[in-house]
Structure formats: structure tokens, C-alpha cells
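Below is one structure; the comments refer to it alone.
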Amino acid sequence: MRDEVKAHVWATVEAMLDAYCRRDVQATMAYFADTPELVCIGSGPREKSVGHTGLRQGLVRDFADTDAMEVACGEPLISVAGDVAWVATDCLFTVLADGETLHVKARLTAVLRRLDETWRIVQSHMSLPFPPEE
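full-length UniProt numbering puts the first residue of the sequence shown at 1, with every later residue one more than the last.
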């Protein structure tokens, strides 16, 4: 049962990332809880949004800055306690922006809550790891 729950949690995150890479604002937002407590933090100084309105504004800005995206994620670490789950994974984004292809390594953490039997993201954080140590 626990593995099945983890699979549902990860399916939610994967579906959100798929919608994000399609640059579909509405579809991406569907995987986030519509609560004032929703917080999404990215790696840039302007990449913090609170609530659904803030999320929408952040997505519109993100998508305006890119022409296309793909993502590949590593094996996720998932924990579940009742109706709350948290996820951590490494990702590689391939981004086309201004005619240039960029490969961006990132780390994603997310907290999800089961609301009406559906997992929704209530907090997310995307960070860019430091360059390799010498």
C-alpha cells in the first residue's frame, strides 16, 4: 500500500513537470493546491510565489522567458505520513531560450497534501546545485 501511495505522489509531480515543460499554465496549476499557504520558490531573486495568483504570475513569467523545455529526473526520494508527502529529486532541464539550448541541473523538493483523495503540491523549491568541488 505504501509503495502505491508513493507512486501516486510521484505521478502527481511528474504530471506537473510534464505540464510545465509544455508551458501550459492552467495544466501546471492543476497540480498545486488552491490555498493561500501555497509557496513556490525558484532559484532566482524574483522566483518566489505565494498562493494561486502568485503561482500564475510566476508561470507566465517563466514561460515568457523560454521557447521550449524538457526535463529528466533521477530516482525520487519520497516519504509519506498520513495525508502529507515530501519529495526530493535531481533534474536536468533542457531549455531553448533566445535560440540557445541550455542544460540546467536542478534539485526539486516538494511537499504534497492529499485533498479529497487527490495529491496536490502545497510547497515546492527548485534550486541549482553548486558547481563541482575541486
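Where is the CB? At the ideal position from N, CA and C, for every residue including glycine. Quantities reported herein were computed from a predicted structural model and do not represent experimental measurements.
State yes or no: is the C-beta of residue i nearer than 8 Å to some heavy atom of the ligand GTP?
i, result
"histidine 125", "In the structure shown, the ligand GTP is absent, as is every other ligand, since no ligand is present at all."
On the CB-based measure, 16 or more other CB atoms within 10 Å of its CB, does residue i come out buried or exposed?
i, result
"alanine 85", "buried"
"serine 79", "exposed"
"serine 127", "exposed"
"threonine 101", "exposed"
"serine 43", "exposed"
Identify, in the order they occur along the chain, each residue of the same chain with its Cβ nearer than 8 Å to the Cβ of residue i, setting aside the five sequence neighbours on each side.
i, result
"residue 189", "Residue 189 lies beyond the residue range present for the chain, which begins at 1 and ends at 134; the question has no answer from this structure."
"histidine 8", "Trp119"
Run through DSSP, which three-state label would residue i get?
i, result
"aspartate 62", "helix"
"arginine 2", "helix"
"alanine 88", "strand"
Whose C-alpha, out of the options, is nearest the C-alpha of residue i?
i, options, result
"proline 36", "Leu128, Val122, Pro129", "Val122"
"lysine 6", "Thr118, Pro129, Leu17", "Thr118"
"arginine 114", "Cys91, Arg107, Asp34, Pro45", "Asp34"
"residue 135", "Arg22, Asp3, Glu4, Trp10", "Past the edges of the chain, shown from 1 to 134, lies residue 135, and the structure says nothing about it."
"aspartate 83", "Val104, Asp116, Ala64", "Asp116"
Report all residues from its chain with a CB closer than 6 Å to the CB of residue i; omit the five preceding and five following residues, and keep chain order.
i, result
"histidine 125", "Ile41, Thr109"
"threonine 89", "Cys73, Gly74, Pro76, Leu108"
Quick test of your reading: residue i and residue j, contact by CB under 8 Å. State the CB separation rounded to the nearest angstrom.
i, j, result
"aspartate 67", "leucine 96", "4 Å"
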